[in-house]
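Chemist: Each residue of the sequence shown is one higher than the last, beginning at 5 in the numbering used here.
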Amino acid sequence: MAYLNVTNAPAATFFARVGTAIGALTDRYKQHRLYRETYSELSNLTNRELDDLGLHRADLDRVAREATWG
Numbered sequence: 005m006a007y008l009n010v011t012n013a014p015a016a017t018f019f020a021r022v023g024t025a026i027g028a029l030t031d032r033y034k035q036h037r038l039y040r041e042t043y044s045e046l047s048n049l050t051n052r053e054l055d056d057l058g059l060h061r062a063d064l065d066r067v068a069r070e071a072t073w074g
């Protein structure tokens with residue numbers, strides 16, 4: 005005769021999910037911080053420096069997003 009014992013650990017599952025959610029929020033915050041830093045650096049460039057890079061001020065948001073999130 006065979007027996008099968010299944011033990012669920014709901015508390016462990018809950019804390020694992022909370023840990024995963026916190027990790028995702030941390031990653032999102034780091035990405036947003038990188039976006040802000042990239043945007044800030046680009047916005048500090050002069051119009052001539054931006055022109056040398058082939059950019060306009062209107063492109064800064066798009067370029068910073070692409071650099072951060074791909």
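All C-beta atoms, glycine included, are put in the ideal place defined by N, C-alpha and C. Computed from a predicted structure; not experimentally measured.
Just how far apart, CA to CA, sit LEU29 and ASN9?
Modeler: Using only the alpha carbons, I get a separation of about 36 Å.
Chemist: To the nearest angstrom, report how far apart TRP73 and TYR43 are at their CA atoms.
Modeler: Each residue's Cα considered, the two are about 13 Å apart.
Chemist: To which residues of the same chain is LEU46 closer than 7 Å at the C-beta, ignoring the five residues directly before and after it?
Modeler: Excluding residues within five positions, the ones whose Cβ falls inside 7 Å are LEU64, VAL67 and ALA68.
Chemist: Out of curiosity, what's the CA-to-CA distance linking GLU41 and ARG32?
Modeler: If you take the alpha carbons of GLU41 and ARG32, they lie about 14 Å apart.
Chemist: If I follow the unbroken alpha helix (DSSP H) through ARG69, where does it start and stop?
Modeler: Per DSSP, ARG69 belongs to the alpha helix (DSSP H) from 64-73.
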